[in-house]
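Inspection log for the structure reproduced underneath, given as structure tokens.
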Amino acid sequence: MTADTVPEPSREIPVFARAEVLVVGGGSAGYSAALAAARHGAATLILERCAYLGGMTTGGLVTNRDYAGPDCPYKAVGGIPFEVWDRIEVAGGGLRPCPERVGSKDEKDRRYGQLFTTGPKDHVPDAMIFDPEVVKVVAETMLQEAGVTILLNCWFADATVEDGVVKGVMFECKEGRRAILADVVIDATGDGDVFARAGADFEVEFKEATVNFRVANVDWDAILEQLEHDPEELERMWGEVRRRFNLRHGQWRLANRRGISNVNTNTDEKTINVLDTRELTRTAIEMRAKNYRLLNFLRESQPGFENAFIVESAPMIGCRASRRLKGLYQLNEDDIFALKSFDDSIMLGACFYRQQSESLPADRPPYVVAEVPLRCLVPEGLDGLLAAGRCISCTFEALNWIRDIPFVMSSGQAAGIAAARCVQDSVHPRDVDVTKVQAALDALGAPFHMPR
Ligand SMILES: Cc1cc2nc3c(=O)[nH]c(=O)nc-3n(C[C@H](O)[C@H](O)[C@H](O)COP(=O)(O)OP(=O)(O)OC[C@H]3O[C@@H](n4cnc5c(N)ncnc54)[C@H](O)[C@@H]3O)c2cc1C
């Protein structure tokens, strides 16, 4: 032992389970990957550090789906994402704008549409607000129906690598340190914890961190009334909130149940290193206190918030960017604006707040949709491993095209299908027959090439 280090004795770690496909991280990308792998015949296990699935959409209280409705110029996602959203809606956990206002470009309607989305602002989008509690149950139910083994409260600790092949992982749980062996591991941790520990190359950059919170007892009728008759005052108020509290996007959303009148308030602040435990801790504490100051200001200043109170602050700090895999291909903005097509494309991504490009042909709709090759999911120098979600291989700029919820679900879906294919054909991800993956995506109605 030294003043700065302690030795860890070498030890044998008990194998807790074996799987054909192991997904680490149970966010939108992870549970989509597990569902796809299991449905394509692989014995699948998913491991998650929280006591629930959903990642940012549950623990981070990021509760809105943008960009994916039929109002969008391209059908940008298909398969599992729509199946999940339909299940959420059937379970009473999805709130969408009134159908008669969807698509409207009328100014009043557009302001109303912004209560549902951060996405397209030129019309009322067919967005959806989720109830995070319903998302948890829907994800668990769908995975159980597909035969996926779910392990919650398990923190990934290390990767087991032999001769450049990831053979499984080690994790910490109540029983101590345990191992899982797998034919293919999918890193869906958002932060790329698995590929980082396995020794893959990666890049790291951060965006603003956020602790979302939900507020109850808001009088939404008062707010909708103001939206109808004095929208300028409402906008002025939110400008004031952003100014006073130093927020880039202070904003609120209708929450899922009008009866209880919840809102989500997105309190973006500074860019922090989300891979630094002390900084994460400090930020969580500061932001929770700031959220109360913000609520108090709203109670004093915004009609409808007089009796509001915080019912929940997000258990997980909202993180938009951290590690990104260096894969066999790195998606970049030049590809995106050149509308580059890839033979091995497995999904489309989109970024609706970076809509315009001078290089876009005039006959194209103004939304830039990107093809994403399977190679962005495959590490350069490691076998037995795929990435899914916001940590796939792309530049920091291109991240904006693949990190939103519909698109991390698409990369999860493709990773799950590719992993199951690897098991069936006894190949590593870099050698998988992408035409078989694409055929499976086609069968699900999941688009992966831009319409020609
Ligand atoms: C504040 C904020 C607002 C946003 N707004 C929008 C929006 O309006 N619309 C939109 O579409 N997108 C939005 N996004 C982006 C979107 O929410 C995320 O990019 C997306 O949800 C990421 O999905 P993921 O599955 O890749 O990662 P995550 O959802 O982060 O899932 C990763 C999972 O891995 C688990 N995990 C991590 N490390 C470990 C470990 N060591 N062991 C075990 N498990 C682990 C986590 O607990 C988590 O469940 C927003 C993001 C933030 C932060």
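First residue of the sequence shown? That's 5 in our numbering, and the numbers climb one at a time after it.
Backbone N, C-alpha and C fix where the C-beta goes; we use that ideal spot for every residue, glycine too.
Alpha carbon of residue i to alpha carbon of residue j, nearest angstrom
i: Asp167; j: Gly180; result: 27 Å
i: Arg69; j: Val88; result: 11 Å
i: Ala161; j: Trp224; result: 45 Å
i: Glu144; j: Thr6; result: 45 Å
i: Glu12; j: Arg182; result: 16 Å
i: Ala450; j: Phe301; result: 45 Å
i: Gly263; j: Ala220; result: Because the pLDDT of Gly263 is 48, which lies under 50, any placement of that residue in the model is unreliable, and the question is left without a value.
i: Gly196; j: Thr121; result: 27 Å
i: Arg434; j: Pro136; result: 36 Å
i: Leu299; j: Pro410; result: 30 Å
i: Tyr56; j: Gly63; result: 8 Å
i: Gly194; j: Arg394; result: 5 Å
i: Pro377; j: Asp90; result: 27 Å
i: Ala200; j: Ser345; result: 29 Å
i: Cys355; j: Gly29; result: 24 Å
i: Gly388; j: Lys112; result: 52 Å
i: Thr399; j: His453; result: 20 Å
i: Ile227; j: Arg218; result: 16 Å
i: Ser414; j: Val81; result: 7 Å
i: Ile340; j: Glu375; result: 8 Å
i: Phe210; j: Val222; result: 33 Å
i: Ile289; j: Val278; result: 14 Å
i: Gly59; j: Asp338; result: 30 Å
i: Val436; j: Val188; result: 12 Å
i: Ser460; j: Ile84; result: This structure does not reach residue 460, given that the chain is present from 5 up to 456, and the question cannot be answered.
i: Arg246; j: Ala95; result: 35 Å
Classification of residue i by the beta-carbon crowding that lies within 10 angstroms, buried from 16 upward
i: Phe313; result: exposed
i: Val215; result: buried
i: Ala2; result: This structure leaves residue 2 out entirely; the chain is present only between 5 and 456.
i: Asn311; result: exposed
i: Cys102; result: exposed
i: Gly151; result: exposed
i: Glu229; result: exposed
i: Asp429; result: exposed
i: Tyr296; result: exposed
i: Asp348; result: buried
i: Asp280; result: exposed
i: Asn404; result: buried
i: Asp8; result: exposed
i: Ala342; result: exposed
i: Asp191; result: buried
Identified DSSP bridge partners for residue i
i: Ile314; result: Val219
i: Phe175; result: Phe160, Arg182
i: Thr193; result: In the DSSP output, where bridge partners are listed per residue, Thr193 has none listed.
i: Asn68; result: Ile133
i: Gly97; result: Per DSSP, none; premise fails for Gly97.
i: Asp347; result: Beta-bridge pairing links Asp347 to no other residue.
i: Arg327; result: Val208
i: Leu389; result: Val189
Chain-order list of residues whose beta-carbon lies under 6 Å from that of residue i (same chain, five-residue window excluded)
i: Leu155; result: Leu51
i: Ala46; result: Glu24, Val25, Ala424, Val427
i: Cys158; result: Leu51, Phe175, Cys177
i: His490; result: A question about residue 490 goes unanswered here, because the residues of the chain that appear run from 5 up to 456.
i: Glu16; result: none
i: Val3; result: In the structure displayed, the chain extends from 5 to 456; residue 3 sits before or after that span and is not available.
i: Ile421; result: Ala40, His44, Val441, Ala444
i: Leu381; result: Leu390, Ala391, Ile396, Ala419
i: Arg53; result: Trp159
i: Gly527; result: There is no way to answer for residue 527, as the model of the chain reaches only from 5 to 456.
7 Å CB neighbourhood of residue i in its chain, flanking five on each side removed
i: Leu231; result: Arg115, Tyr116, Leu238
i: Arg303; result: Phe309, Glu310, Ala312
i: Ala38; result: Val27, Thr48, Ile50, Leu147, Val152, Gly420
i: His432; result: Asp387, Gly388, Cys426
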